[in-house]
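In full-length UniProt numbering, the protein residues as written are 1 to 623.
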């Protein structure tokens with residue numbers, strides 16, 4: 001509970017009675033909502049009239065599954081894995097938490113625990129709908145899925161980007177089939193604009209009408225459909241022990257030909273064809289195609305995986321759909337209807353996430369890394385193993401010895417932004433406090449040193465550049481005369497639309513872009529279809545002096561490099577930033593040898609670097 005209404009990001013009126021304070025005074029509960037910021041939020045917080053402090057309930061933390069341990073000087077909160085989420089330090093007789101100082105890793109852990117991993121499983125299961133996941137747990141249709149409350153309490157951006165369609169107004173027609181293989185639906189989609197890693201351009205989709213169990217096969221040419229279908233018929237008929245009765249397809253040339261007609265006549269199959277330009281008559285497989293493509297698009301978008309992995313994404317989507325989709329009529333999954341047993345999904349992971357595979361093939365030195373960094377692409381169809389893309393060898397491997405890093409890309413982006421030093425030029429005084437008293441500022445920018453100043457022993461006056469009796473011009477003295485400060489915006493925008501509505505921030509953004517123009521950083525070209533395009537983001541900060549007064553607006557254009565995959569989009573990354581230890585060593589070496597050192601500051605120095613790879617970046621928002 002809190003008494004500050006400005007801390008709420010969502011607030012609604014709520015009459016919750018009264019709360020008694022420690023001094024026996026009472027405050028009325030006037031609201032209920034969510035407090036926090038972009039990185040962390042706490043829901044179900046009461047707004048209490050007259051409350052002067054923010055209070056967090058220990059019992060509520062315990063009810064959520066957290067472990068709270070009090071010590072004499074601090075209070076430690078851990079999750080179920082005994083990982084420390086945050087620490088509250090004792091201030092007199094109160095334990096206080098500073099959420100602003102919490103690192104992003106703890107924020108992600110806290111958010112994951114509070115949501116009971118519901119959204120993590122949503123991502124693991126190919127962004128399946130929350131309604132479908134709720135059915136899986138309600139009717140106990142799978143093994144390995146935790147008993148979470150699957151509720152769509154927010155929008156999933158990859159789902160919107162991958163699945164948004166027009167509204168449908170037609171009712172669905174129920175099927176009259178009574179067993180598996182009584183009716184088989186077939187369709188072929190392609191060619192795709194981007195070939196898969198194996199050079200495939202078509203996807204052959206087969207759906208059993210009764211169970212809705214689905215098979216996908218990837219082809220290079222249309223004429224391969226007949227050979228694949230013959231092998232499929234032998235496979236499923238041998239597995240089930242009875243024959244296919246009816247097959248249904250459209251009138252594409254891959255289905256209407258002499259070879260397929262002769263095969264159906266020989267096997268006793270009835271081949272039904274949909275009417276010309278009437279895909280609704282083959283709606284089961286047409287809808288399955290759409291589901292597979294939406295799922296593929298969504299999974300590729302989440303980690304910005306390159307499009308030539310589309311076949312791996314389709315294959316994984318089919319694997320997941322067979323085990324998690326629920327048939328409403330019988331309340332069972334396609335896997336259970338086809339196999340006769342409940343599926344186990346406890347081993348499912350998020351498609352496209354970074355993973356680490358044990359290197360048990362190469363002859364390793366004693367101090368070589370034991371794991372290889374890979375990208376998770378799905379599950380093996382022939383054995384119990386994961387399929388991963390080895391970023392160093394550019395090959396797909398299968399292994400069971402895999403560790404996964406399933407961090408949400410948005411959380412990863414916040415971690416990267418948190419580490420970003422936006423004030424890379426002249427922000428050395430940020431966060432410092434001054435104990436000096438405020439005096440009237442002088443109009444000259446230099447100061448006089450005390451007359452009794454002395455030189456360091458061991459350095460002759462000839463070795464010292466400049467006048468030792470002249471004071472050093474510091475950043476604080478440069479900013480002392482606020483009367484000479486130019487007009488600046490007092491607000492710090494969080495959205496690009498807010499910044500574009502403020503002329504001072506527009507000038508700041510134009511200044512930032514001018515550095516890119518002067519250094520000839522980019523060339524405007526059409527968006528490529530076979531390369532990953534990196535997004536951009538504006539970061540806005542107000543620079544303050546030692547008294548907390550805003551003296552400058554700063555805008556930085558940040559490339560969202562976390563969308564790139566190591567080994568796919570780049571080989572290595574290097575930041576030419578000197579550590580303080582190296583600078584001290586350089587200064588000591590120069591003093592010892594009597595060298596002259598010159599210092600200079602280059603604005604946007606990183607733009608002067610060179611890269612050999614082709615990198616495609618989105619245009620800056622608003623320009």
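For each residue, glycine too, the CB sits at the ideal point set by N, CA and C. Quick caveat, the model's predicted, so the values are computed rather than measured.
**Report entry** Nearest to residue 248 (by Cα), restricted to the options 266, 271, 264 and 239
**Finding:** Considering only alpha carbons, the answer is 271.
Query raised in the report: Could you give the distance in angstroms between the alpha-carbon of residue 380 and the alpha-carbon of residue 347?
Result: C-alpha separation (whole angstroms): 12 Å.
Query raised in the report: Going by other Cβ atoms of all chains shown within 10 Å of its Cβ, with 16 needed for buried, is residue 2 buried or exposed?
Result: Of the residues assessed, residue 2 falls on the buried side of the cut-off, its CB having 16 or more other CB atoms within 10 angstroms.
Query raised in the report: How far does the alpha helix (DSSP H) with residue 628 in it reach, from first residue to last?
Result: What is shown of the chain runs 1 to 623, which leaves residue 628 out entirely.
Requested in this report: Output yes or no for whether 8 Å exceeds the beta carbon distance between residue 330 and residue 399.
Outcome: Cβ atoms of residue 330 and residue 399: not closer than 8 Å.
Query raised in the report: Below 8 Å between beta carbons: does that hold for residue 508 and residue 542?
Result: Cβ distance not < 8 Å, so residue 508 and residue 542 don't count as in contact.
Query - Among 234, 233 and 203, nearest to residue 220 - alpha-carbon criterion - result: Ranking 234, 233 and 203 by CA distance to the CA of residue 220 puts 203 first.
Query raised in the report: Any idea which residues DSSP pairs residue 262 with across the strands?
Result: Under DSSP, residue 262 forms no beta bridge with any residue.
Requested in this report: Under 6 Å Cβ to Cβ from residue 144, same chain only, skipping five residues before and after it: list those, please.
Outcome: Once the five neighbours on either side are set aside, the close Cβ partners of residue 144 are 344, 345 and 346.
Query raised in the report: Rounded to a whole number of angstroms, what is the C-alpha to C-alpha distance between residue 501 and residue 495?
Result: Straight-line Cα distance between these residues: approximately 10 Å.
Report task. Count the other CB atoms, across all protein chains shown, that sit within 10 Å of the CB of residue 295; report buried if there are 16 or more and exposed otherwise. Result -> The residue is buried, with at least 16 neighbouring Cβ atoms inside 10 Å.
Report task. Starting from the Cα of residue 123, find the closest Cα among 374, 524, 70 and 324 and give me that residue. Result -> Ranked by Cα distance from residue 123, the options 374, 524, 70 and 324 are led by 324.
Query - Where residue 21 sits in the DSSP three-state scheme - result: Coil.
Query - Beta-carbon gap between residue 58 and residue 76 smaller than 8 Å - result: Not a contact, by the Cβ cut-off of 8 Å.
Requested in this report: Give the DSSP-derived three-state secondary structure of residue 508 in the structure shown.
Outcome: DSSP places residue 508 in helix when its eight states are reduced to three.
Query raised in the report: From residue 95 to residue 45, what does the alpha carbon distance come to, in whole angstroms?
Result: In this structure, the alpha-carbon of residue 95 lies about 19 Å from that of residue 45.
**Report entry** Exposed unless 16 or more other CB atoms sit within 10 angstroms - verdict on residue 84
**Finding:** By the beta-carbon neighbour count (other beta carbons within 10 angstroms, threshold 16), residue 84 is exposed.
Query raised in the report: Going by C-alpha distance, which of 577, 316, 314 and 560 is nearest residue 615?
Result: The shortest CA-to-CA distance from residue 615 to any of 577, 316, 314 and 560 is the one to 560.
Query raised in the report: Can you tell me where the beta strand (DSSP E) with residue 3 in it begins and where it stops?
Result: Careful: residue 3 lies outside any beta strand (DSSP E) and carries neither H nor E.
Query raised in the report: Nearest-angstrom Cα distance between residue 27 and residue 52?
Result: Each residue's Cα considered, the two are about 10 Å apart.
Requested in this report: Mark residue 199 as exposed unless 16 or more other C-beta atoms lie within 10 angstroms of its C-beta, in which case mark it buried.
Outcome: Exposed, since its Cβ has fewer than 16 Cβ neighbours within 10 Å.
Requested in this report: Quick one: using the 10 Å Cβ neighbour count with 16 as the cut-off for buried, is residue 15 buried or exposed?
Outcome: Label assigned to residue 15: exposed.
Query raised in the report: Is residue 185 buried or exposed, if buried means 16 or more other CB atoms sit within 10 Å of its CB?
Result: Residue 185 should be labelled buried.
Query raised in the report: If you draw a straight line from the C-alpha of residue 262 to the C-alpha of residue 133, how long is it?
Result: As the crow flies, the alpha-carbon of residue 262 is around 44 Å from that of residue 133.
Query - Burial state of residue 372 (16 or more Cβ within 10 Å) - result: Per the 10 Å Cβ criterion, buried.
Report task. Specify the secondary structure class of residue 130 as computed by DSSP and reduced to three states. Result -> In this structure, residue 130 counts as helix in the three-state DSSP scheme.
**Report entry** Per-residue burial, residue 139 [other beta carbons within 10 Å of its own, 16 or more giving buried]
**Finding:** By the C-beta density criterion, residue 139 is exposed, having fewer than 16 other C-beta atoms within 10 angstroms.
Query raised in the report: For residue 624, which three-state DSSP category applies?
Result: There is no way to answer for residue 624, as the model of the chain reaches only from 1 to 623.
Report task. Would you mind sorting residue 304 into buried or exposed? The rule is 16 or more other CB atoms within 10 Å of its CB. Result -> Residue 304 comes out buried.
Query raised in the report: Between the region 305 to 313 and the region 332 to 341, are three or more C-beta pairs nearer than 8 Å?
Result: The answer is no - the region 332 to 341 does not touch the region 305 to 313, with fewer than three Cβ pairs under 8 Å.
Query - Endpoints, alpha helix (DSSP H) assigned at residue 651 - result: Because the chain spans 1 through 623 in this model, residue 651 falls outside it and cannot be assessed.
Query raised in the report: Counting contacts by CB-CB distance shorter than 8 Å, is residue 493 in contact with chain C?
Result: As a matter of chain content, chain C is missing from the structure shown, which is built from one protein chain.
Query - Neighbour-count burial assignment, residue 578, 16 or more Cβ in a 10 Å radius - result: Around the beta-carbon of residue 578, fewer than 16 other beta-carbon atoms lie within 10 Å, marking it exposed.
Query raised in the report: Can you tell which of 89, 300, 596 and 42 has the C-alpha that lies nearest to the C-alpha of residue 409?
Result: In terms of Cα proximity to residue 409, the closest of 89, 300, 596 and 42 is 300.
Query raised in the report: When the Cα of residue 125 is compared with those of 538, 352, 558 and 92, which residue comes out closest?
Result: For the residues 538, 352, 558 and 92, the minimum Cα distance to residue 125 belongs to 352.
Report task. Use the C-beta contact count for residue 238: other C-beta atoms within 10 angstroms, 16 or more gives buried, fewer gives exposed. Result -> By the 10 Å Cβ count, residue 238 comes out exposed.
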